[in-house]
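S.K.:
In the working numbering, the protein residues as written are 120 to 247.
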């Protein structure tokens, strides 16, 4: 089963899921899209459901001339390490603090946080 839809306007019923993930997704979205995605995710999560966000830290561009920002990552899963990279046009900065602030403004409570020098994994819960 393959389901494709816009994360800013999902066609699922309210409180359908007990868990949602955003796996290296937000770096590709505008601030407005981030808010819409998080609001929709909150809507489709059950009370007590968890949202897991893995993403990269994108520093302010400053005087850098590069148009793209990219990072290399190693993702560890049981029995395997996967090396990959993620990158996007360097139009905005993003870090765990800004994502935590956005999630809190949508009603999520932070329950866990892990960070490296260039990425993070945040776990939130939808509280009543």
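Virtual Cβ for every residue (Gly too), placed ideally from N, Cα, C.
Pick out whichever of 217, 192, 245, 228 has its Cα sitting closest to the Cα of residue 201.
M.R.: Nearest option by C-alpha distance: 192.
S.K.: Between which two residues does the alpha helix (DSSP H) harbouring residue 128 extend?
M.R.: Per DSSP, residue 128 belongs to no alpha helix (DSSP H) and is neither H nor E.
S.K.: Nearest CA to the CA of residue 178: which residue from 147, 170, 211, 199?
M.R.: Looking at the Cα atoms, 211 is the closest of the given residues.
S.K.: In its own chain, which residues sit with a C-beta less than 6 Å from the C-beta of residue 207, not counting the 5 before and 5 after it?
M.R.: Hits under 6 Å: 146, 147.
S.K.: Enumerate in chain order the residues of its own chain whose CB-to-CB distance from residue 161 is below 7 Å, with the five nearest sequence positions on each side excluded.
M.R.: Answer for residue 161: 225, 226, 227, 245, listed in chain order.
S.K.: Apart from the five residues just before and just after residue 158, which ones in its own chain have a Cβ nearer than 7 Å to its Cβ?
M.R.: 225, listed in sequence order.
S.K.: Enumerated in chain order, which unbroken segments of the beta strand (DSSP E) with a length of 3 residues or greater are wholly contained in the segment 146–228?
M.R.: Runs found: 164–175, 187–196, 199–208.
S.K.: Under 7 Å Cβ to Cβ from residue 153, same chain only, skipping five residues before and after it: list those, please.
M.R.: These residues qualify, in order along the chain: 145, 221.
S.K.: Which residue comes first and which comes last in the beta strand (DSSP E) that contains residue 245?
M.R.: Counting along the chain, the beta strand (DSSP E) containing residue 245 begins and ends at 238–245.
S.K.: Might you give, ordered along the chain, the residues of its own chain that have their beta carbon closer than 7 Å to the beta carbon of residue 214, omitting 5 neighbours on each side?
M.R.: Excluding sequence neighbours, residue 214 sits near 176.
S.K.: Quick check: what's the CA-CA separation for residue 236 versus residue 133?
M.R.: The alpha-carbon atoms of residue 236 and residue 133 are separated by roughly 36 Å.
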